[in-house]
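Numbering (the working numbering), first residue to last: 45 to 284.
All residues carry an ideal CB built from backbone N, CA and C; glycine is no exception.
Down below is the structure, laid out as structure tokens.
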């Protein structure tokens, strides 16, 4: 990490130390992530510690929050310490919420997988409205899952009325938990037929574990970014 006595740096120096290309450093300066660099009489950029720390903070934040929000956070560090802290709090709060939702999804998946399904009887089937109310979702959500091939109900009359068997109800509960844990529609198209055919609960558990690892990686990235952001604030602003 550079010190207050660090010598001036060229664009290539900042790029090398931050792990970016020269063009990426120029782009970050253009976008306000790096403060405008001083220029020599010949027009060459001259960078300092604040530019390197800005680049390092952005790199870590991009892994933790995504590039768009990362730019907003680093720009806030240059413009408003209070705004920066508020944005960081919001990012950490989202991760905490995702952790809570993931824990609930893991518990639900374990409980659902242990439920026995008896022989299907016509009286056990549920209509789309009934199932939507039981799950706490809109009927349009179930229709969307049907169209995507995630939970495909039976059609028991000539009008195509949707009726969900107990097995299909359980599928809907699984999809609800995995969607809540951040699982996307496209991989679910592959996973759900496997679950219906072989009940591959190890795949569900692996998906949830991967989600947990992703949250942990983003948390570590925010921690790494905080060190660089603190240097941008300085001791007075950081303590306010």
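In this structure, residue 116 and residue 131 form a Cβ contact; the two beta carbons are roughly 7 angstroms apart against a cut-off of 8 angstroms. Boundaries of the beta strand (DSSP E) around residue 207: 206 to 208. Non-local beta-carbon contacts of residue 182 in its own chain, meaning distances under 7 angstroms to residues more than five positions away in sequence, involve 176 in chain order.
Around the beta carbon of residue 248, 16 or more other beta carbons sit within 10 angstroms, so the residue counts as buried. Within 10 angstroms of the beta-carbon of residue 86 lie fewer than 16 other beta-carbons, which makes it exposed.
Around the beta carbon of residue 229, a 10 Å sphere encloses fewer than 16 other beta carbons of the protein chains shown; the residue is thus reported as exposed. Sorting 108, 98, 231 and 99 by C-alpha distance to the C-alpha of residue 258 places 108 at the top.
In this structure, the beta-carbon distance from residue 53 to residue 92 falls below 8 angstroms. According to the DSSP assignment, residue 72 belongs to the alpha helix (DSSP H) that extends over 66 to 74.
In the structure shown, residue 90 falls within a strand segment according to DSSP collapsed to helix, strand and coil. Per DSSP, the unbroken alpha helix (DSSP H) holding residue 172 starts and ends at 172 to 179.
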